[in-house]
Amino acid sequence: MSDQNPLFIPGPTNMPDRLRQAMQVQSQDHRAPDFAQTFLPVLEGCKRVFGTEEGDIFLFPASGTGGWEAAITNTLSPGDKVLIARYGMFSHRWIDMCERHGLDVHVIDCAWGTGAPAALFQHVLEADAGHRIKAVLVTHNETATGVRSDIAAVRTAIAAASHPALLMVDCVSSLASMPFEMDAWGVDIAVSGSQKGFMLATGLAILGVSRKAIAAIETARLPRTFFDFRDMTSANAKGGFPYTPPLQLIHGMRESLEMLFEEGLDAVYARHHRLAEGVRRAVSAWGLDLVAQSPEIYSDTVSAIYVPEGFNSNALTAHAYHAYGVSFGVGLGQMDGKAFRIGHLGSLTDVMVLSGLAAIEMAMADLDYPITLGSGMVAAQNYFRQSRAPAPANAV
Ligand SMILES: *Cc1c(COP(=O)(O)O)cnc(C)c1O
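In case it helps, our numbering puts the sequence shown at residues 20 to 415.
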């Protein structure tokens with residue numbers, strides 16, 4: 020199998036050569052002053068991507084799941100009540116983690132393919148006159164279903180109920196690919212990772228934390244050591260880490276932020292929207308349905324696509340892998356066997372997306388799906404041609 024074929028799973032994403040090279044560094048003394056010169060600009064750059072001036076940035080050596088654990092253990096105590104809606108595998112896993120930490124989890128079960136139910140949250144919070152609910156936890160982009168939730172609407176619901184709960188948001192598969200406005204949306208903790216929008220190797224949990232969440236640390240009694248924000252804050256203030264930092268990833272982060280700012284965050288978001296729209300045109304030309312139930316919640320980083328009745332989505336992704344050496348996302352949880360996913364985030368171009376659509380079309384045709392070979396390609400090609408950015412004036 021050629022490792023030149025792009026990945027179409029929604030993380031880890033394709034690593035640009037520039038970032039792979041940036042991570043190729045010799046070990047370095049992390050207590051020497053030049054470490055701080057690399058590291059401190061990363062914290063500043065992350066603030067821009069999270070959309071925060073008020074908040075602090077924390078980088079832990081972990082995957083995104085570790086970021087969830089840091090968020091809850093630093094702010095909550097055993098038995099604390101939290102409010103979470105389940106509408107996919109990732110919101111489900113965050114619920115599971117809260118339960119295993121001994122939190123009292125109020126779960127709102129929603130149909131998979133829908134997003135965070137702001138009105139229902141408001142209803143539950145209004146009924147909580149004693150303010151027993153300490154936090155509302157929301158998955159911004161549910162990677163299992165390709166649904167993006169409206170975080171500003173959730174904050175509005177919390178405010179409408181005049182409720183003091185913290186708002187914690189999983190933005191692992193949205194940050195640096197879709198707009199995120201931590202301060203404007205009133206997010207208290209935003210959790211992300213290095214291997215999706217940042218186009219890097221897995222291994223950094225990246226968090227944005229508000230003043231209010233920082234204040235909650237003093238009374239939070241869930242056990243924590245490795246993930247304690249206070250240890251990280253005091254070490255960061257001296258330009259270092261409370262333990263050995265993942266140096267190569269921090270070099271990668273510095274370069275990743277450079278790349279994002281060179282392209283411009285708005286241009287990065289517009290590119291993701293355009294590529295996602297090309298994929299959606301293809302899905303519609305195939306006559307297939309997205310799991311996401313309505314256009315205003317379509318994710319620009321991943322599309323989950325129902326296979327027709329009588330077909331198994333896992334057989335399709337397995338065939339695409341074995342026959343063509345291309346990976347697509349499998350159906351997770353309730354979507355097991357029913358839907359496959361096309362990840363379209365990170366380092367991707369029109370041409371790369373077209374190659375993925377061509378590969379999955381071949382796989383579907385091989386397995387006798389009722390689609391016309393080439394139909395999705397043509398729909399995406401037409402959309403990409405028509406929505407192409409005008410060439411810069413100095414282009415040759
Ligand atoms: C990828 C992902 C995570 C984190 O997964 P890790 O494997 O721990 O990095 C969390 N939430 C969402 C929505 C994700 O897409």
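Every residue, glycine too, gets a C-beta built ideally from N, C-alpha and C.
Query: Own chain residues within Cβ distance below 8 Å of Cys117, not counting five before or after; Result: Ile91, Val101, Ile103, Val124 and Leu156
Query: Same chain only: Cβ atoms within 6 Å of Glu200, ignoring 5 sequence neighbours per side; Result: Gly70
Query: Three-state secondary structure (DSSP) of Val415; Result: At Val415 the pLDDT is 47, less than 50, meaning the model places this residue with poor confidence; the figure from the coordinates comes in the next sentence. Reduced to three states, the DSSP call for Val415 is coil.
Query: 6 Å CB neighbourhood of Ser406 in its chain, flanking five on each side removed; Result: Arg293
Query: Assigned secondary structure, Thr133 (DSSP; H/G/I helix, E/B strand, else coil); Result: strand
Query: Any non-hydrogen atom of ligand 1 within 7 Å of Thr84 CB; Result: yes
Query: Per DSSP, cross-strand counterpart(s) of Asp189; Result: Thr158 and Val210
Query: Distance CB(Thr221)-CB(Pro31) smaller than 8 Å; Result: yes
Query: Pro13 beta carbon near ligand 1 (any heavy atom closer than 7 Å); Result: Limits of the chain in this structure are 20 at one end and 415 at the other, which puts residue 13 out of reach.
Query: Integer-rounded CB distance, given that Met278 should sit under 8 Å from Arg37; Result: 7 Å
Query: Rounded straight-line distance, which links the Cα of Met187 to that of His159; Result: 10 Å
Query: Reduced DSSP category for Ser322 - H, G, I as helix; E, B as strand; rest coil; Result: strand
Query: Pick from Ala382, Glu88 and Val310 that is closest to Thr336, judged by C-alpha positions; Result: Ala382
Query: Val191 beta carbon near ligand 1 (any heavy atom closer than 7 Å); Result: yes
Query: Where Asp75 sits in the DSSP three-state scheme; Result: strand
Query: Three-state secondary structure (DSSP) of Val370; Result: helix
Query: DSSP state of His125 mapped onto helix, strand, coil; Result: strand
Query: Continuous beta strand (DSSP E) assignments of at least 3 residues falling wholly in the segment 207-271; Result: 208-212 and 223-228
Query: Helix, strand or coil at Lys428 [DSSP, three-state]; Result: Nothing in the structure corresponds to residue 428, since the chain is present only between 20 and 415.
Query: Inter-residue Cα distance where the pair is Lys120 and Pro242; Result: Just to set this straight, residue 120 is His in the shown sequence, not Lys. Computed Cα separation, rounded: 9 Å.
Query: Contact under 8 Å by Cβ, Ile324 with Arg167; Result: no
Query: Check: Thr133 C-beta below 7 Å from any heavy atom of ligand 1; Result: no
Query: Element boundaries [beta strand (DSSP E), containing Val6]; Result: Any property of residue 6 remains undetermined from this structure, which presents the chain solely from 20 to 415.
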